[in-house]
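These notes are about the structure you will find just below.
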Amino acid sequence: MNTSHSSLFDRLFRLSENGTNVRTELMAGLTTFLTMCYIIIVNPLILGEAGMDMGAVFVATCIAAAIGCFVMGFVGNYPIALAPGMGLNAYFTFAVVKGMGVPWQVALGAVFMSGIIFIVFSLFKVREMLVNALPMGLKMSIAAGIGLFLALIALKGAGVIVDNPATLVGLGDVHEPSVLLAMAGFAMVVVLGYFRIRAALIITILALTAVSSLLGLSEFKGVVGSVPSVAPTFMQMDFEGLFTVSMVSVIFVFFLVDLFDSTGTLVGVSHRAGLLVDGKLPRLKRALLADSTAIVAGATMGTSSTTPYVESAAGVAAGGRTGLTAVTVGVLMLACLVFAPLAQSVPAFATAPALLYVGVQMLRSAKEIDWDDMTEAAPAFLTIVFMPFTYSIADGIAVGFISYAVIKLLCGRAKDVPPMVWVVAVLWAVKFWYLGG
């Protein structure tokens, strides 16, 4: 690369200071991109279930991810990529829009408001205090519960699990091509992941799409084409429908889930990259502002909450140490805009293996729970199982907070409950009592 360009990048991202170079950072960005680009296919499919235009959501996904990556790279200077979050998009569609009957425009308004709250909380360091105040067991159980929730969505979408009047759920027709292909795809992504193939998820999705097209199960619409219009979702937030108690709780859940997800990812990936100083993140406020800004930008474009991606760890493992890694991912996300026909060719069952695999990764956080202490284990267990069994991330979080406070109180350990947990538990209890589930 031209020496002057290298010098410019070195000044912008402090490459020499971080013991890296342009080539390493670019390769790290490509590695991260290959591990997370499945989202540009999966996100439109999930939000499309909410009645949103899939072409517009595809564009919104690429642009929101790019904006988040650019802000994280240029302002925060961290090798952490952002994109619309898995779990948050499922909550948006299946809990808020389909579960509560809320128009997707109002749900987008809730995402936008959660982003504004994030920005305010990040500026005044309230966000850091909130995260530090919450027990590890609750934080980890929320991630694990979302993993099971994603698994249920994947299995249901592929026809592996079906409605059964006698037992609520049952095994689907295992002779169906979609079921067989989804299960074969999961085996494929696990094997590829085991052998550390960076693009395991996107390879699996594309392979299943190709097989589906050859078998006539879905229509192949091409690879490259014109960029779809973002007009159907751009600036479509509806704020008038937000002024109800139930929607305030929705904003709170968007805020709470992304709070743990984003902060945990920032700390975890930065730790793996050796960027922590005395156990803390330098420039943390800038990093937090990056994902807060991305949430607001994403809602404006027309997608659910944007969050840091744990797949950024792949880029870190490849040597990424600065914001140039994130900027590289952002550029590649924008380059994907011309691949809209390919994204629209992917059948729903082809994304099931990716959802299941992400579910496995999220469920791993359960090992951080203190299972030997029943006052920690029981609330964590209830949080985890209530999410898939009630088909609601919000209800799982609510039951977790309430049970944590009540169990600690009844066991004579009320002093172990942080004040913030009491506040949240009481708010959820009041909501259930007066408004129901």
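In terms of the numbering used here, the sequence shown has 182 at position 93, counting the first letter as 1, and numbering is strictly consecutive. C-beta: ideal position from N, C-alpha, C; glycine also.
Rounded to whole angstroms, what is the Cα-Cα separation between residue i and residue j?
i: GLY157; j: GLY165; result: 11 angstroms
i: ALA467; j: THR417; result: 43 angstroms
i: TYR446; j: VAL263; result: 20 angstroms
i: ILE130; j: GLN433; result: 8 angstroms
i: GLN325; j: GLY137; result: 15 angstroms
i: PHE122; j: ARG103; result: 22 angstroms
i: LYS228; j: SER267; result: 35 angstroms
i: VAL510; j: ALA172; result: 29 angstroms
i: GLY68; j: ARG372; result: The chain is shown only over 90 to 526; residue 68 falls outside these bounds and no answer can be derived.
i: ALA288; j: ALA299; result: 16 angstroms
i: GLY176; j: LEU97; result: 38 angstroms
i: VAL449; j: ILE128; result: 17 angstroms
i: LYS245; j: GLY501; result: 42 angstroms
i: GLY188; j: THR256; result: 21 angstroms
i: ARG100; j: ALA383; result: 25 angstroms
i: PRO254; j: THR113; result: 56 angstroms
i: LEU499; j: ILE205; result: 38 angstroms
i: ILE286; j: PHE475; result: 34 angstroms
Along the chain, where does the beta strand (DSSP E) that runs through residue i open and close?
i: VAL258; result: 257-260
i: THR121; result: From DSSP, THR121 is part of no beta strand (DSSP E) but of the alpha helix (DSSP H) over 111-125.
Please say whether residue j and residue i have beta carbons closer to each other than 8 angstroms?
i: SER381; j: SER230; result: no
i: PRO397; j: LEU223; result: no
i: ALA247; j: PHE438; result: yes
i: GLY162; j: GLY404; result: no
i: ASP347; j: GLN194; result: no
i: VAL316; j: VAL148; result: yes
i: PRO430; j: LYS504; result: no
i: LEU444; j: ALA243; result: yes
i: LEU355; j: ALA386; result: no
i: VAL399; j: VAL334; result: no
i: MET336; j: ALA494; result: no
i: CYS126; j: LEU426; result: no
i: MET390; j: ALA155; result: no
i: VAL280; j: GLY261; result: no
i: SER203; j: PHE428; result: no
i: LEU471; j: GLY489; result: yes
Since residue i is in the alpha helix (DSSP H), which residue starts that stretch and which ends it?
i: ASP380; result: 373-390
i: ALA503; result: From DSSP, ALA503 is part of no alpha helix (DSSP H); its letter is neither H nor E.
i: ALA154; result: 143-160
i: ALA437; result: Segment: none, ALA437 is in no alpha helix (DSSP H) and carries neither H nor E.
i: ALA469; result: 463-479
i: THR417; result: 412-424
i: ALA441; result: 441-452
i: LEU197; result: 193-212
i: GLY282; result: 266-283
Going by DSSP in three states, residue i sits in which element: helix, strand or coil?
i: VAL513; result: helix
i: ASP327; result: coil
i: ALA288; result: coil
i: ALA429; result: helix
i: VAL185; result: helix
i: ILE250; result: strand
i: PRO397; result: strand
i: LEU171; result: strand
i: GLY404; result: helix
i: ASP459; result: coil
i: ALA296; result: helix
i: ASN132; result: helix
i: ARG100; result: helix
i: ALA320; result: coil
i: VAL312; result: coil
i: PHE163; result: helix
i: PHE238; result: helix
i: PHE344; result: helix
i: ASN178; result: helix
i: PHE490; result: helix
i: LEU304; result: coil
i: THR354; result: helix
i: LEU223; result: coil
i: VAL263; result: coil
Can you round the beta-carbon distance between residue i and residue j to whole angstroms, since I take them to be within the 8 angstroms contact cut?
i: PRO436; j: THR293; result: Contact doesn't hold; Cβ gap of about 13 angstroms is too wide.
i: PHE238; j: ILE482; result: 6 angstroms
i: VAL146; j: THR322; result: 6 angstroms
i: ILE486; j: LEU345; result: 6 angstroms
i: THR395; j: ALA153; result: 5 angstroms
i: SER401; j: ILE169; result: 5 angstroms
i: VAL278; j: LEU270; result: With a Cβ gap of about 12 angstroms, VAL278 and LEU270 do not count as contacting.
i: THR464; j: ILE496; result: 5 angstroms
i: ALA233; j: LEU452; result: 5 angstroms
i: ALA407; j: THR120; result: 4 angstroms
i: PRO477; j: LEU134; result: That pair is no contact at about 20 angstroms.
If we cut at 8 angstroms on Cβ distances, does residue i have a partner in chain C?
i: LEU171; result: Looking for chain C here will not work: only one protein chain is present.
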